[in-house]
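For reference, the structure is listed below as structure tokens.
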Amino acid sequence: MKKIVILMSIILFSFTLLGETLDRTTYKSGSYSIFFKERRVPQYKTRYDKGQDALVIEFSNSTISRTVPNTLNVDDKFVDTVAMSTLNNTVSTTIYLARGVDYKVAASGGELRVTLTKSTTAKKKYTIIVDAGHGGKDSGATGNGYREKDIALDVAKYLASELRNDYKVILTRDSDVFIPLGERAEIGNDANADFFISIHLNSASNSSGNGSEVFYYSKKESSYAAEVAKFENSVDSKYGVTEPVSDFILNDIFYRANQQKSAAVATDVLDNIVGDIGLRKRGVFGANFAVLRGSKSPSILVEIGFISNSGDMSYFGNDYYKRVVAKSIAEGVRKHFY
Ligand SMILES: [Zn+2]
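Numbering of the sequence shown is given in the UniProt record's numbering, commencing with residue 1 and proceeding in unit increments.
See the structure below:
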């Protein structure tokens, strides 16, 4: 008798420890269901992670059945992926939502159902163009074993994914292809973009030249800024593009308004890069860059660092700092577009 009591206690104790078992999940066009073995949904909490655009549901005192996969790739207009994890008897289900999706969560019996709908209010009112400098046959500047086009593309991709949380983002290129300067600006103009950001790396014949600088479009330029613009502008003719970048005809009021906005974003972007990474602050300059000249929207060109300087490249040769600089730039943009 005593043995049976002990055995019963152990079984009972085990049940309390194990709690509910998440048995299976189903997904069909915007409807995601989680089923529990004991036909009872355990206590749960939901929270929305704005940064990740993710809905997190945490079930206390639960476990996951081994047959439930850790990740479910959906990739439709409601959901990107769903991830499962367990920590200290808490099961977390993270639903990474697609852009502009609303959700409802309801439990009944052993089922918790998440119903997803396309949001009717457009959350993302601004369109931002992210332009990775150079590409394809045009490597841009080279140095320390790196090519400007590769680093610029990596940073541009990180920047785009960073900005996608808050904006509609268009990359002028997301692979190693050549695009003439004028076409880059046109991509933004066609999309009626609100802001244009071009990512580059600087180069100097003296390898000690280092630091970050940010440019905005200006008809007038200092001789230093003109020199940097000259290199970046030369790629079209160097690679056989004969059509000049049209001078987008902005009247003076628009030109000044664009310039003011561009210079303000440029200042914050540079402050962030210098503050976050500790690079040398070279300054914000107005210059006649072809890629900016063709843009109807305010625009900046960021020379994140010098490819010819080993110190700068000890950062930008490293994936971690490519993400950091992307974040620094994104923060500067967010301050002016909200
Ligand atoms: Zn460049």
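Glycine is no exception: its CB is placed at the ideal position from the N, C-alpha and C atoms.
The structure presented is a predicted model; accordingly, all values stated were derived computationally and were not measured.
Going by the DSSP bridge assignment, what does V56 pair with across the sheet? R47, T94
Are Y146 and R323 touching if we call contact CB-CB under 7 Å? no
Applying the 10 Å Cβ sphere with the 16-neighbour rule, what's the burial state of N202? buried
What is the DSSP secondary structure of A107, reduced to helix, strand or coil? strand
In three-state terms, what does DSSP make of F306? strand
Three Cβ pairs or more, each shorter than 8 Å: is that satisfied between the segment 187 to 204 and the segment 139 to 155? yes
Ignoring anything shorter than 4 residues, give me the alpha helix (DSSP H) runs that lie fully in the segment 137 to 209, in order along the chain. 148 to 163, 181 to 190
Given a threshold of 16 other Cβ atoms within 10 Å of its Cβ, counted over all protein chains shown, does F35 qualify as buried or as exposed? buried
Contacting residues, own chain, Cβ-Cβ under 6 Å from A160 (five flanking each side not counted): V130, V169, L171
How big is the Cα-Cα spacing for I187 and D138? 19 Å
Which two residues bound the contiguous beta strand (DSSP E) that contains S31? 31 to 36
For the segment 305 to 318 against the segment 259 to 266, are there 3 or more C-beta pairs whose distance is under 8 Å? no
Roughly how many whole angstroms lie between the Cα atoms of G332 and G211? 18 Å
Exposed or buried, which one is D252 when buried takes at least 16 other CB atoms within 10 Å? exposed
Quick check: is any heavy atom of ligand 1 less than 6 Å from the C-beta of G182? no
Drop a sphere of 10 angstroms on the beta-carbon of A122, count the other beta-carbons inside from all chains shown, and report buried for 16 or more, exposed for fewer. Residue placement at A122 is poorly supported in this model, since its pLDDT is 49, which falls under 50; the coordinates still yield a value, given next. It counts as exposed.
Would the C-beta of E227 count as close to ligand 1, meaning under 6 Å from any of its heavy atoms? no
Could you compute how far the alpha carbon of I128 sits from the alpha carbon of V177? 20 Å
Consider the C-beta atom of E186 and the heavy atoms of ligand 1; say whether any pair is separated by less than 6 Å. no
Cβ atoms of S297 and F195: under 7 Å apart, would you say? yes
At a threshold of 6 Å, does H336 count as lining ligand 1 (C-beta to nearest heavy atom)? no
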